[in-house]
Amino acid sequence: MKIRIIALIIISMTIQGIMAQKYMTKTGKIRFYSDTPMEKIEAVNHQVNSALDLSTGQIVFKVLMKSFEFEKALMQEHFNENYVESDKFPNAVFKGSVIGFQTIDITKEGKYKVEVEGDLTIHGKTNKVKTAGTLEVKGGKILAHAIFEVKPKDYGISIPTAVVKQIAETIEVTVDATYDKMNQL
Amino acid sequence: MNLMKRLPVILLLAGLVQGVSAQDDLMNMLGDDKPATEYTYATFKTTRVVLNHSIQSPAKGDLLFIISHHFGRLNQGAYDLFGLDQATIRFGLEYGISDRLAIGIGRSTYKKLYDGFVKFKLLQQSSGEKNMPVSISYFGSMGINSLKWENTDRVNYFSSRLSFVHQLLIARKFNSSFSLQLTPTIVHRNFVPLKEDQNTVFAMGAGGRLKLTQRMSVNAEYFYLLPGKTADEFDNSLSIGFDIETGGHVFQLFFTNSVPINENAFITETQGDWLKGDIYFGFNITRTFTLGRK
C-alpha cells in the first residue's frame, strides 16, 4: 500500500517534471523600425526578458524601455523622454499564449509555425495583439521569431505634428529569442 | 484507502492551480531586471539653460549648430518695433568628442568676440548601485575681443584682448519635469578699462527648468555678482524663457536684461534694469547633426 502511494507520487512528480517545460531568456532581441521618406529610425534591445512554458503554451515578455539603443543619441533621449516616458512606464509587458504549442515535439529538432495571442502593454496602455511566428527546437533550446506591427497611437503615444513626417504610423517590431531550458526540481 | 481515493483529486487540483497562475509564475520568474546603475539623462533640453551653458553636452559624435539673437530693448517703443530693429548675434558650433568631453567655438557681434570652450563631465547623476545626487561638469572658455583698438598711442598687446571663464556646472534633475543648476563662476579679463576695475570677478549663477508639456519647458536663470566694483556698476543678469523642442531642433525664446550673449561678457557686463523695462527679447536655435554613429 505504502509502496504504491510512494510510487504514485514519484510518477506524478515525474510527469509534472516532464510537463513543466519552462524556458527562459534574458538576452532576447527586440528590434523596431520606423520608415518614412524623411527619416529611418531603428532601435534594438538585446536584454529582453522572456519566459515560455511549453506545457501550457504560455509566453511572457518583459522589456526594459531604457535598454533600447538607437543610432542617434538624440533619438534615444527623445524616445525615453518624450514618447514612451520611461521614467513613468519603465517596462513594456506581453502576456500571451502560443496557439498550436501542442504540436511541438521538443525531443525532435524542427521548426514549427505558431500563432501568438495576448495582451501587450506599452506606455501604460494595453491592447490585444495576435501575430504569426515560428518556434524552433534546436540543440535543446527553443528559438522564437515573430514580426508584428504596433501603432504608437494605440498606446497613447502622441506624435506632434512637427515630426509627423519623420515617424511612421505603424512601427514594425521584430522579436528574436533563444530560450534555455529552466532547471527545475 | 481514503488517501488513495483522494490522491487523483489532489493532483488534479494542484495541476489546475498551477495552470491558473502559470502566466504570473512565468512573469515572476523574469524578476525585476533593472540595470544596476541608472544614469540620469536630459536634465535640460539643450546645452543652454537660457544664456549660460547647461549640464547638457552634445553626445559623442554630435555636432550642434547654435544661433543666438538678443534684440534691442523692449522700452525703445514702437518706432524700433520694441527693439526688434537691432540685434546682437552669436553663432557657434559645439561637438562631442566623447560622451564626457565637448568643445565649441563661436563668434558674436558683441565686441566682435571670438570664443572657444571646453566642457568636461566630471560626475554624472545616477541612482541604483552607484548613487550620485548631482551631475558636475567643468566649463572653461576663452574669449578674444577683436575690435580695433581705440587707443593706438599706447602699445597694445594681443593678450589684452583675452578673457577667461571658469565654471562648475552643478545640476540635479529632481524629477522628469524639474531640474536645477548652480553655477559658481570666475570671470577673468586680462585688460580692463580702469586701474580700479576688477580683472577677476566672482559670480554665482542659478538656473532651472520646469517642463510644462513633454516638449516645452519654462526656464529661468540668474547670475549674482559677488560684491565689488563690477557688482556696483553692472546689473545681475536675469533671463526667463521657454524651451520648445521639435525633433532635431530646440528653440529657446526668452526675455533677458543682458545684451551680450557670451558668458565672457553677459555675467560681468550686463547693463539693464528689468523694472525699468530694459528687457531684451532673444532666442537660441539649436540644431543637432549626428556625424558619428554610435
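Chains as they are written, first to last, in my numbering: chain V, 1 to 185; chain E, 186 to 479. By construction, the Cβ of each residue, glycine as well, lies at the ideal position given by its N, Cα and C atoms.
Can you tell me whether residue i is buried or exposed, with buried defined as 16 or more other CB within 10 angstroms of its CB?
i        : result
Gly100/V : exposed
Val48/V  : buried
Gly57/V  : buried
Lys358/E : buried
Arg472/E : exposed
Arg339/E : exposed
Ser443/E : buried
Leu185/V : Residue placement at Leu185/V cannot be trusted, given a pLDDT of 47 that sits under 50; the coordinates are not used to answer.
Gly467/E : buried
His46/V  : exposed
Asn449/E : buried
His351/E : exposed
Gly204/E : Residue placement at Gly204/E cannot be trusted, given a pLDDT of 47 that sits under 50; the coordinates are not used to answer.
Val175/V : buried
Asp417/E : exposed
Ala287/E : buried
Strictly below 8 Å CB to CB, what residues from chain V border residue i?
i        : result
Met317/E : Simply none; closest approach about 17 Å.
Ala221/E : In chain order: nothing, as chain V lies at least about 12 Å away.
Asp265/E : Chain V residues near Asp265/E: none, gap ~32 Å exceeds 8 Å.
Ala416/E : Neighbours of Ala416/E on chain V: none; closest Cβ ~38 Å, over 8 Å.
Give the DSSP-derived three-state secondary structure of residue i in the structure shown.
i        : result
Glu418/E : helix
His78/V  : helix
Lys2/V   : helix
Ala7/V   : helix
Glu448/E : helix
Ser326/E : strand
Gly128/E : For chain E, the structure presents residues 186 to 479; residue 128/E sits outside this window and is missing.
Leu332/E : coil
Met212/E : helix
Val163/V : helix
Leu236/E : coil
Lys22/V  : strand
Ser344/E : helix
Asp154/V : helix
Tyr179/V : strand
Phe229/E : coil
Asp35/V  : strand
Gly277/E : strand
Gly204/E : Because Gly204/E carries a pLDDT of 47, less than 50, the predicted location of this residue cannot be relied on, and the following value inherits that uncertainty. In the structure shown, Gly204/E sits in a helix (DSSP, three-state: H, G or I).
Leu269/E : coil
Thr337/E : coil
Gln456/E : coil
So residue i and residue j are supposed to be a Cβ contact under 8 Å. How far apart are they, rounded?
i        : j        : result
Ser422/E : Ile452/E : 6 Å
Ala244/E : Asp284/E : 6 Å
Leu298/E : Met327/E : With 8 Å as the limit, Leu298/E and Met327/E do not qualify as a contact, their Cβ atoms being about 10 Å apart.
Val235/E : Gln366/E : At roughly 11 Å, the Cβ-Cβ gap does not stay under 8 Å, so Val235/E and Gln366/E are not in contact.
Gly96/V  : Gly118/V : 2 Å
Pro369/E : Met389/E : 6 Å
Starting from the beta carbon of residue i, find every residue of chain E whose beta carbon is closer than 8 Å, and list them in chain order.
i       : result
Glu81/V : Tyr226, Ala227, Ser361 and Gln399
Under 7 Å between beta-carbons, which chain E residues line up against residue i? List them in chain order, please.
i       : result
Pro37/V : Those within 7 Å of Pro37/V in chain E number zero; the least Cβ separation is about 15 Å.
Lys72/V : Thr475
Glu77/V : Tyr226 and Ala227
Asp87/V : Ser361
Quick one: list the residues of chain V neighbouring residue i, beta-carbon separation under 7 Å, in chain order.
i        : result
Asp365/E : One point to set straight first is that residue 365/E is Leu, not Asp, in the sequence displayed. Going along chain V, no residue has its Cβ under 7 Å from Leu365/E, so there is no contact; the nearest lies around 17 Å.
Gly432/E : Ala162, Val163 and Gln166
Ala272/E : Going along chain V, no residue has its Cβ under 7 Å from Ala272/E, so there is no contact; the nearest lies around 25 Å.
Ala287/E : Ordered by position in chain V, no residue passes the 7 Å Cβ test against Ala287/E, which lies about 12 Å from the chain.
Asp338/E : Those within 7 Å of Asp338/E in chain V number zero; the least Cβ separation is about 53 Å.
Ala356/E : Near Ala356/E there are no residues of chain V at all, since even the closest Cβ is about 16 Å away, more than 7 Å.
Ala388/E : None at all; the shortest Cβ gap to chain V is about 30 Å.
Along the beta strand (DSSP E) that carries residue i, what are the first and last residues, could you check?
i        : result
Asn45/V  : Lys40 to Asp53
His351/E : Leu347 to Lys358
Leu298/E : Leu298 to Leu308
Pro369/E : Phe363 to Arg374
Lys72/V  : That residue, Lys72/V, is in no beta strand (DSSP E); it is neither H nor E in DSSP.
Ala405/E : Met401 to Leu410
Ser242/E : No beta strand (DSSP E) holds Ser242/E; DSSP gives it neither H nor E.
Phe101/V : Neither: Phe101/V is in no beta strand (DSSP E) and is coded neither H nor E.
Asp247/E : Asp247 to Arg258
Glu115/V : Gly110 to Ile122
Ser293/E : Leu286 to Ser293
Ile470/E : Tyr465 to Thr475
His127/V : A small fix is needed here, since residue 127/V is Asn in this sequence, not His. Where Asn127/V is concerned, the enclosing beta strand (DSSP E) stretches over Lys125 to Lys138.
Ser312/E : Ser311 to Gly313
Val386/E : Thr385 to Thr398
Ile59/V  : Gln58 to Leu64
Looking at residue i and the ligand ADP, is the gap between the Cβ and the nearest heavy atom below 8 Å?
i        : result
Val235/E : Ligands are entirely absent from the displayed structure, and the ligand ADP is therefore not among its contents.
Can you pull the chain V residues whose beta carbon is under 9 Å from the beta carbon of residue i, in chain order?
i        : result
Asp428/E : The premise fails here: Asp428/E is roughly 12 Å from chain V at the closest Cβ pair, so nothing lies under 9 Å.
Leu215/E : Met24, Lys26, Asn49, Ser50, Ala51, Val60, Phe61 and Lys62
Asp247/E : Lys72, Ala73 and Leu74
Ala497/E : Residue 497/E lies beyond the range of chain E shown here (186 to 479); nothing can be said about it.
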